[in-house]
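Protein chains: 2
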Amino acid sequence: MLSLTTRRLLAFCGVTLVCTTSALAQSKPGALTAADSDPVTLGWMNGFPPSPDKLIMQPDSNFFSFPKMRWSVCHLRELLPTEQVSRGLGAPIPLEYALDGSIDAVSFLPIGSDSAITWEASLAKNYTDGILIMHKGKVVYEYYSGCLSDAGKHAAMSMTKSATGLLAEILVAEGALDDTARVSDIIPELSSSAFGSASVRQVMDMVTGLAYSENYADPKADIWAYSAAASPLPKPKNYTGPVGYFEYLQTVKPDGEHGDAFHYKTINTDTLGWIISRVTGQEITELLSERIWSRMGAEQDAYMTVDAKGVPFSGGGLSAGLRDMARFGQLVLNKGMINGKRLFPKAVIEHIQQGGDKAAFEKAGYQYLPGGSYRSMWWVFHNAHGAFAARGVHGQTVYVDPTAEMVIVRFASHPNAGNAAIDPTSLPAYQAVAEHLLKK
Amino acid sequence: MLSLTTRRLLAFCGVTLVCTTSALAQSKPGALTAADSDPVTLGWMNGFPPSPDKLIMQPDSNFFSFPKMRWSVCHLRELLPTEQVSRGLGAPIPLEYALDGSIDAVSFLPIGSDSAITWEASLAKNYTDGILIMHKGKVVYEYYSGCLSDAGKHAAMSMTKSATGLLAEILVAEGALDDTARVSDIIPELSSSAFGSASVRQVMDMVTGLAYSENYADPKADIWAYSAAASPLPKPKNYTGPVGYFEYLQTVKPDGEHGDAFHYKTINTDTLGWIISRVTGQEITELLSERIWSRMGAEQDAYMTVDAKGVPFSGGGLSAGLRDMARFGQLVLNKGMINGKRLFPKAVIEHIQQGGDKAAFEKAGYQYLPGGSYRSMWWVFHNAHGAFAARGVHGQTVYVDPTAEMVIVRFASHPNAGNAAIDPTSLPAYQAVAEHLLKK
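Heads up: the protein sequence lines correspond to chains A and B, in order. Residue numbers are given in our numbering: position 440 of the first sequence equals residue 440, and the series is strictly consecutive. Heads up: take any position in the second sequence, counting from 1, add 440, and you land on our numbering.
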């Protein structure tokens, strides 16, 4: 049996699709292996109609609990209202291929282990649904499993934040957004919330002081009020709380000084999404399409979940195809260039690569990210290769290694939300593949 | 003030997106003109956040009531869960253009009127959101208004039925579906429902005898139980009725003889969708993508709304781009050929063109469709040009005129659901344009 805490937490992840990394690092892995929890094998939603034990429905069946979640990550739009992130109407620009069959045999030592495993073996270990490696602009490795195929889309979870952060950095570079401005100067409605006195930059780097508890064991934790506000499902009749992201954000109280420490709290990204929309007059979905998705040769539309008022979930709502996420990663690696076109100034990426405040980051105590930092909703490793990444719960990543000219995009449905359970068998794997590619 | 009946009816349309033609023909037009009800001008969902009077939300704001509906027809996925109808991953095949500026001045006599109006004037009169005319395979006219642009998608409403019917005819032609079979032989779960004793063909042509009342004034009418079952929103706690299309269809009681008369009842199409899925093992969305959308050079994915169990709404759930609906119409005009490829045997369309049982159709009393018939979810006019059409409430149509080698696709958001309010200013307009094009 799952504990009450775990059940509440899974219910929460299901409604809002947020499970922040640090809070979930300690959750226990499910008993089933990747093979035993394969959603195709388990037959979720199979048949006309599916048998009752194979149904995944709102709101009863806790669609984001493991192993159901392994189906749901590819089917969010079938459970929730969404907005399109259009790829435009033109022809996609196909990725170039130079497949490298020897990657499967690349071996590495998982963190904390003294026996090496192969890249190939790591895929099932990490409940990988899809992984694609770009090297020097070409696809060298591509793999699909579980619910995902090349024509499918997968939840990007908190990698959404990095897309939102990238858009913000673009606006800063263009002078459309002043990252030194106070949030309340842009959004007066946030004047009496904790966000009001923060700078845009503090929000972008998540160094805000917010009384926002993600203690899932506490039934009065703020996360439950956020979850209730964010859900697109009709509210219970007796509900009197905030409706939607924007109303919720106005209720957040301060705790501590802005700028003091990194606190990974999704509500920062929702505030950043609001700032971007207020400044541009566009929804995040529209802007992401206009600036990125419709200009990078994408082969599929992406989409974002929305709240009951149609506000896209800037902190975690994106779903996209694996190859399109690879195009996104390649665009970042190339500092704004793709298919011979420049989409934004290279300073945008250079600013992210510099990283954020390492001292502030250290206070958050990420075991597997020593010496790291967080900048504009991107995780910066400050390692020898200058790697940085978009990361989302349950194993989502866009890992960018400029030294190896490599991008790794992974979609996954690991039973553990927190990447701390997944990093030991993935971060060293990425480094090993980078070394392998550097020798070519 | 709207009457209680009208308000209930609009609420119903909003939840299930079905408003059958005959039942709604008598509803009154709204007071606002197309210009005065333009959703962009009215500013629905405009701003971050929209002001409360500009919000369109589930379930309170009755999103399918006029004039809100003029926004909602382009935004259903933002209000409801949906499934993709994939266009595939390849390059779209652009339509060829040969625009004919003289079409705007084509004039015609509306039915029941003695003063002619122009094609151009008819567009606003019919609350047209988008209209595209193909002639000899080329676009001769293209127009967008209201909520629609070339990159947008619009509710196809009951034109969805014609896509479902086309898929069924393809399966019949291939021998995968026997249209003489009893429904209960394919779906044993329907044995004790009225559908069980009908033939597949009777379902396809809507000549079933079903105790299914669409009397909106009667709070016990079957339409309300259908609406409740079909809604993807969580059911009220005390709800004990059927959940989803499939469960509802099992409850339908007989009334009259199958084969006796045409009765336009959406539940026939939902049954046909079930039959198709049972026979093929595929969802309607998958099959529509595999057979049509991914093979006709579509430039956008389409999508379908789903019930709470993820079953696509075969009777009315499709949304698509205007140009893609034109491709669909052109494929039908060309009897299965498009872009030099054959997607299905020409007998499929020839069978539809022959039409259904005229005597059975006449009993339904369609004022503006004298001598017509209904075949495989298509309306057959049996006029001098051999025209036939997909039609949906609020003015949706794919009008195919083989003699003029013409396809007209219209998306609209007329305040009246029933096409009887719209036919007088559209059917003669289509015929006038056909005559115009025949002279070229």
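Virtual Cβ for every residue (Gly too), placed ideally from N, Cα, C.
Put simply, of A:I117, A:P59, A:N215 the residue whose alpha carbon is nearest the alpha carbon of P232 (chain A) is A:P59. Chain-ordered, the chain B residues with CB closer than 8 Å to the CB of D150 (chain A) read L529.
Looking at the DSSP output, L572 (chain B) bridges to B:E582, B:V849.
Where A359 (chain A) is concerned, the enclosing alpha helix (DSSP H) starts and stops at 358-362.
Chain-ordered, the chain B residues with CB closer than 7 Å to the CB of F48 (chain A) read W714, S717, R718. Contact of G146 (chain A) with chain B by beta-carbon distance below 9 Å is absent, the smallest such distance being about 18 Å.
Comparing C-alpha distances from D38 (chain A) to each of A:A434, A:H414, A:T425 shows the shortest one belongs to A:H414. With a threshold of 16 other beta carbon atoms within 10 Å, I187 (chain A) meets it and is buried. Each of A:Y127, A:S86, A:S184, A:G112 was checked against the Cα of Y143 (chain A), and the nearest Cα belongs to A:Y127.
For R391 (chain A), the enclosing beta strand (DSSP E) covers residues 388-392.
A Cβ-Cβ contact shorter than 9 Å links F851 (chain B) with I571 (chain B). Using a Cβ-Cβ cut-off of 9 Å, H515 (chain B) counts as an interface residue toward chain A, since at least one Cβ of chain A sits closer than that to its own. Within the segment 302-314 of chain A, contact with chain B at the beta-carbon level (separation under 9 Å) is assigned to Y303, V306, A308, K309, G310, V311.
Per DSSP, the beta-bridge partners of Y839 (chain B) are B:A829, B:I848. Not one beta carbon of chain A lies nearer than 9 Å to the beta carbon of E536 (chain B).
Here DSSP, grouped into helix, strand and coil, assigns A742 (chain B) to strand. Beta-carbon to beta-carbon, D619 (chain B) and V640 (chain B) are separated by about 5 Å, close enough to satisfy the 8 Å threshold. For the 9 Å CB-CB criterion, N779 (chain B) and I533 (chain B) form a contact. Burial state of Y97 (chain A) is exposed, judged by a 10 Å Cβ sphere holding fewer than 16 other Cβ atoms. When C-alpha distances from A229 (chain A) are compared across A:F246, A:P219, A:K237, the shortest belongs to A:F246. Judged by pairs of C-beta atoms under 8 Å, the segment 774-790 of chain B does not touch the segment 750-763 of chain B, as fewer than three such pairs exist. Considered as a whole, the segment 58-114 of chain A harbours 69-72 as its complete alpha helix (DSSP H) runs of no fewer than 4 residues, in chain order.
The closest CA to that of K153 (chain A), considering only A:H135, A:A326, A:V172, A:A261, is found on A:A326. Against chain B, the beta carbon of P81 (chain A) has neighbours under 7 Å at R517, E518, L519, L520, P521, listed in chain order.
The three-state secondary structure of M777 (chain B), taken from DSSP, is strand.
At a cut-off of 9 Å between beta-carbon atoms, D60 (chain A) makes contact with chain B.
Sixteen is the threshold: since fewer than 16 other Cβ atoms of the shown chains lie within 10 Å of the Cβ of G112 (chain A), the residue is exposed.
In this structure D695 (chain B) is exposed. Its beta-carbon is surrounded by fewer than 16 other beta-carbon atoms within 10 angstroms. In the DSSP assignment, S319 (chain A) falls within the unbroken beta strand (DSSP E) covering 318-320. Here H791 (chain B) is near R815 (chain B), since their CB atoms are less than 9 Å apart. The beta carbon of E142 (chain A) sits no closer than 9 Å to any beta carbon of chain B. Nearest in C-alpha terms to L42 (chain A), of all of A:W71, A:M57, A:D401, A:N62, is A:W71. Using a Cβ-Cβ cut-off of 9 Å, F768 (chain B) does not count as an interface residue toward chain A, since no Cβ of chain A sits closer than that to its own.
Judged by their CB atoms, F108 (chain A) and A360 (chain A) are not nearer to each other than the 9 Å cut-off.
Neighbours of L233 (chain A) in chain B, taken as residues whose beta carbon is under 9 Å from its own, are Q498, L673, P674 in chain order. Taking one beta carbon from each stretch, the segment 825-842 of chain B and the segment 589-606 of chain B have 3 or more pairs nearer than 8 Å; the two touch.
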